[in-house]
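Asks:
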Amino acid sequence: VYEPLILKSNKYQTIQIDMEHGKVISIRNVENLVKALKDLGMDLKPSFCGGEKDSVTQEREQWHSGANFFALGPGKLIGYNRNVYTLENLHQAGYEIIGSKDVLKGTVELSTINKYVLTIEGAELSRGGGGVRCMTMPYKRKR
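Under the working numbering, the first residue of the sequence shown is numbered 9, with each subsequent residue one higher.
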């Protein structure tokens, strides 16, 4: 997560809407998304874009798609290799960091690893505001 947006006070509000039988029962502000999910029984431990210590690093990595990973499956992510503090935070959370070149060379077999982040090189998409998730979205052109 990008901590300044998800966990800290900012101009955006996190609102919880409770419904019962398709009708709104209550609407209320909550402290943040992670706390709201915990109150609903989903106790998540977030990994932090840019690490946990330096707000400048967090912002830099957020602008370079450090919060834009794609989940290939449970515990299996793909993201840019240049977000070193984000990757270190994921490594501390138990993810093995694997370079795509190692997979292409055959020196690493992904099917033998439970939790990993597959890293790729690149910067062009983030210059235009896109990231790894954007590369998974199909694009259909007229012929």
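Glycine residues also receive a C-beta, built at the ideal position from the N, C-alpha and C atoms.
Measuring alpha carbon to alpha carbon, tell me which residue in ASN122, TYR103, ASN40 and GLY130 is nearest ILE23.
Replies: Considering only alpha carbons, the answer is ASN40.
Asks: Looking at C-beta atoms only, is the number of pairs between the region 51 to 63 and the region 85 to 98 that lie closer than 8 angstroms three or more?
Replies: Yes, the region 51 to 63 touches the region 85 to 98.
Asks: Where does ASP62 sit, in a helix, a strand or coil, going by DSSP?
Replies: Residue state, collapsed to three classes: coil.
Asks: Jot down the residue ranges of each uninterrupted alpha helix (DSSP H) in the region 12 to 52, minimum 4 residues, whole runs only, in chain order.
Replies: As far as the region 12 to 52 is concerned, its whole alpha helix (DSSP H) runs of at least 4 residues are 41 to 47.
Asks: According to DSSP, is GLU129 part of a helix, a strand, or is it coil?
Replies: Coil at GLU129, not helix or strand.
Asks: Leaving out five residues on either side along the sequence, give the residues of the same chain with a beta carbon under 8 angstroms from the beta carbon of ILE105.
Replies: Same-chain partners within the cutoff: LEU95, LEU98, HIS99, TYR124, VAL125 and THR127.
Asks: Residue ranges of each beta strand (DSSP E) run of no fewer than 3 residues wholly in the region 54 to 118, ordered along the chain?
Replies: Entirely contained in the region 54 to 118, the beta strand (DSSP E) runs reaching 3 residues are, in chain order, 78 to 81, 84 to 88 and 104 to 107.
Asks: Just to confirm before moving on: does the CB-CB distance between TYR93 and SER73 stay below 8 angstroms?
Replies: Contact: no.
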